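So the sequence shown is residues 1440 to 1956, counted in our numbering.
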Amino acid sequence: MQLARVIETSTTVAATRSRLAKVDALAEALREAAAADLPATELERLVRTTADHLAGTLPQRTVGVGYRGLRELPDPADEPSLQILEVDDLLTAMAALAGPGSAGARAAAVGELFGRATADEQRWLVGLITGELRQGASDGVLLPAVATAAGVPEALVRRAVMLAGFTGPVAAAALLHGEAALAEIRLEVGRPLRPMLAGSEPDVATALTHRRDPGTPVAVDTKLDGIRLQAHLDRDAEVPVRLFTRSLDEITDRLPEVVDAVLRLPADRAVLDGEVVALDADGRPHPFQVTGARTASSADPQALAGRTPVTTFLFDLLHLDGRDLVDEPAHVRWEALDALAPDLVVPRVVTATEAEATAFFEEVLAAGHEGVVVKDPDAPYAAGRRGAGWVKVKPRRTADLVVVGVEWGSGRRSGKLSNIHLAARRPGTDELVMVGKTFKGMTDALLEWQTERFLGLETHREGYVVHVRPEQVVEIAYDAVQTSRRYPGGIALRFARVLRYRDDKGPAEADTLDDLR
Ligand code: ATP
């Protein structure tokens, strides 16, 4: 099967608003992959790779090439010829390059792959390699497509994807081996699973209304503003502790003190969920950048500067010594976590009263933390969904928005791309609607970085405005949302400023106009 077939399907999915049509197009492509005439292992790889590519994810996770390495590409081919498995082979080879001379070899590999790609394929491959999720199908349509193509229940696909982390292997199991194989997919220690996400409410009282019964106690957790971390401990494995981010990237090597903390736990095998954060001598959190520096994402230039140690906090336990806990009610998981790691549990109170919950919220804010997460003691670990199981409450107004354009700076900032144009999603669509601009909160290093980043995403210019492909998510703080006649969504942000660029979210996860309202 050709790469062009994946791109054609992605284009069809993007072009139609009908959910059914999207699901049909994706299911058709998956069925076609599963029907290819190949030996079993190759067929497995084809279905897996096709599903991952349709999701916009790279099966290799990263191949050591960023958008910088993709700015100058060879002339495109006239006719499509690249096969999906061939692309997969080339990317695997690229990912394996390391050591002296690898930069040149990598550039040569990029030249080889892109020289064989048509202009459409080049554009699409850049998106895939740099992890721009916008071109990928969302779970909302891809998972039903896997279920349809394989003739299996969607709930089973959803659960398998949560436990396996990625869609590719689940699609291969479902399409090639059917329902029984799907049901056999379990949590595996060492393989990241999708993290549980939180819903959001403006205050504690409203967060408490999610309880089925007002007398039920809830846990009120401190919401730390650090980095989400999933830790896997397996003393028999070659690498006994492995650490993964919210987007399932492995960052074990960057956080040795966290590895040590996990190694000290009295267990042989465990999967833990938590947050790490850099604290000052008084135990107050450093600004997010200090923690962010430790995982040094490419989108964070300040990142490289500091190496302040981080403290490990845990809030969930998903597996312990042979026992999976994901389906257990939260209170069972918490009890097991308290017994395993009493010193590492995130500060939390369990209470049935609003007064006590609110008092704790105030205390947490006074200690410099971001807010609280109110948790239902009966909820299972429902990965990948924003539900009533976890509800976050934070007073600072922030939003994750997509950069759609940038203006050239003047004066001290001339020659730099400065004022960024911010857009939110129109609910239920992929449409992006501008809600404001900002040039505040940017350090010199950040300006430097964003100038290069946005030139790499440039589509065209209009006067001093550089329009860009809407692919970079930025976290913005603002004071208020006001009505606006100038902006097409009817609202504008007041006093918007940049908190950080986010690598762990794609534009499909950006906030909507409704979230802002
Ligand atoms: P945000 O930008 O508000 O951190 P998000 O979109 O990254 O949100 P959500 O699922 O909405 O993720 O919010 C939960 C996030 O809060 C988790 O991903 C985690 O990083 C962080 N967090 C901090 N403390 C806790 C806690 N005690 N329990 C759960 N999540 C926590």
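Using N, Cα and C, we set each Cβ at its ideal position, and we do this for glycine too.
All values derive from a computational prediction rather than experimental measurement.
Inter-residue spacing [alpha-carbon to alpha-carbon] between residue i and residue j
{"i": "R1941", "j": "G1844", "result": "17 Å"}
{"i": "V1580", "j": "V1462", "result": "5 Å"}
{"i": "P1653", "j": "E1795", "result": "14 Å"}
{"i": "A1738", "j": "T1655", "result": "Note that A1738 has pLDDT 45, beneath the 50 cutoff, so the model's placement of it is unreliable and the number below is only indicative. Their Cα atoms are separated by approximately 43 Å."}
{"i": "F1727", "j": "V1749", "result": "11 Å"}
{"i": "V1452", "j": "A1798", "result": "48 Å"}
{"i": "R1456", "j": "R1693", "result": "42 Å"}
{"i": "V1957", "j": "E1767", "result": "The structure shown does not extend to residue 1957, since the chain spans only 1440 to 1956, so no value can be given for it."}
{"i": "G1875", "j": "D1953", "result": "15 Å"}
{"i": "F1934", "j": "D1950", "result": "17 Å"}
{"i": "G1566", "j": "Q1574", "result": "7 Å"}
{"i": "Q1441", "j": "E1525", "result": "9 Å"}
{"i": "G1826", "j": "S1853", "result": "46 Å"}
{"i": "R1562", "j": "I1446", "result": "10 Å"}
{"i": "Q1741", "j": "T1569", "result": "For Q1741, the pLDDT reaches just 48, beneath the cut-off of 50, and the residue's location in the model is therefore unreliable, leaving the point undetermined."}
{"i": "H1808", "j": "V1913", "result": "21 Å"}
{"i": "R1633", "j": "V1600", "result": "8 Å"}
{"i": "G1617", "j": "L1595", "result": "11 Å"}
{"i": "A1537", "j": "Y1506", "result": "18 Å"}
{"i": "L1932", "j": "A1806", "result": "28 Å"}
{"i": "A1744", "j": "G1880", "result": "Confidence is the limiting factor: at A1744 the pLDDT is only 49, short of 50, which leaves the residue's position unreliable, though a coordinate-based value still follows. Each residue's Cα considered, the two are about 18 Å apart."}
{"i": "D1817", "j": "G1629", "result": "27 Å"}
{"i": "D1918", "j": "D1642", "result": "17 Å"}
{"i": "L1552", "j": "L1896", "result": "21 Å"}
{"i": "D1815", "j": "H1758", "result": "19 Å"}
{"i": "L1459", "j": "T1587", "result": "11 Å"}
{"i": "A1464", "j": "D1578", "result": "14 Å"}
{"i": "A1644", "j": "Q1921", "result": "25 Å"}
{"i": "K1944", "j": "S1639", "result": "17 Å"}
{"i": "L1764", "j": "D1755", "result": "10 Å"}
Heavy atom of the ligand ATP within 7 Å of residue i beta-carbon
{"i": "W1829", "result": "yes"}
{"i": "T1661", "result": "yes"}
{"i": "R1444", "result": "no"}
{"i": "L1711", "result": "no"}
{"i": "V1785", "result": "yes"}
{"i": "E1714", "result": "yes"}
{"i": "A1613", "result": "no"}
{"i": "P1724", "result": "no"}
{"i": "R1772", "result": "no"}
{"i": "P1705", "result": "no"}
{"i": "F1754", "result": "yes"}
{"i": "A1700", "result": "no"}
{"i": "V1812", "result": "yes"}
{"i": "R1685", "result": "yes"}
{"i": "T1636", "result": "It is Leu, not Thr, that sits at residue 1636 in the sequence shown. Checking every heavy atom of the ligand ATP against the Cβ of L1636, one is found closer than 7 Å."}
{"i": "R1667", "result": "yes"}
Beta carbon of residue i nearer than 8 Å to that of residue j
{"i": "A1838", "j": "I1915", "result": "yes"}
{"i": "V1937", "j": "T1890", "result": "no"}
{"i": "L1582", "j": "R1597", "result": "yes"}
{"i": "G1713", "j": "L1668", "result": "yes"}
{"i": "V1715", "j": "V1811", "result": "no"}
{"i": "T1606", "j": "A1490", "result": "yes"}
{"i": "V1698", "j": "V1710", "result": "no"}
{"i": "M1635", "j": "Y1903", "result": "no"}
{"i": "A1466", "j": "A1584", "result": "yes"}
{"i": "V1657", "j": "R1650", "result": "yes"}
{"i": "V1785", "j": "D1777", "result": "no"}
{"i": "R1555", "j": "L1521", "result": "yes"}
{"i": "T1448", "j": "A1468", "result": "yes"}
{"i": "V1504", "j": "V1549", "result": "yes"}
**Prompt:** Which whole runs of the alpha helix (DSSP H) in the stretch 1851-1898 are 4 residues long or more, in chain order?
**Reply:** You should have 1883-1895.
**Prompt:** Should the stretch 1657-1670 be regarded as contacting the stretch 1853-1863, the criterion being three or more beta carbon pairs within less than 8 Å?
**Reply:** no
**Asked** Can you find at least 3 beta carbon pairs, one from the stretch 1472-1484 and one from the stretch 1604-1619, that sit closer than 8 Å?
**Response** yes
**Message:** With three or more C-beta pairs closer than 8 Å as the rule, is the stretch 1698-1706 touching the stretch 1721-1735?
**Reply:** A contact is defined here as three or more CB-CB pairs under 8 Å, and the stretch 1721-1735 fails this definition with respect to the stretch 1698-1706.
**Prompt:** Is the stretch 1865-1879 touching the stretch 1668-1685, taking contact as three or more C-beta pairs under 8 Å?
**Reply:** no
**Request:** Could you tell me whether the stretch 1684-1699 touches the stretch 1716-1725, using the rule of 3 or more Cβ pairs below 8 Å?
**Result:** no
**Asked** Counting only runs that start and end within the stretch 1709-1788, where is the alpha helix (DSSP H) found for 4 or more residues in a row?
**Response** 1727-1734 and 1769-1779
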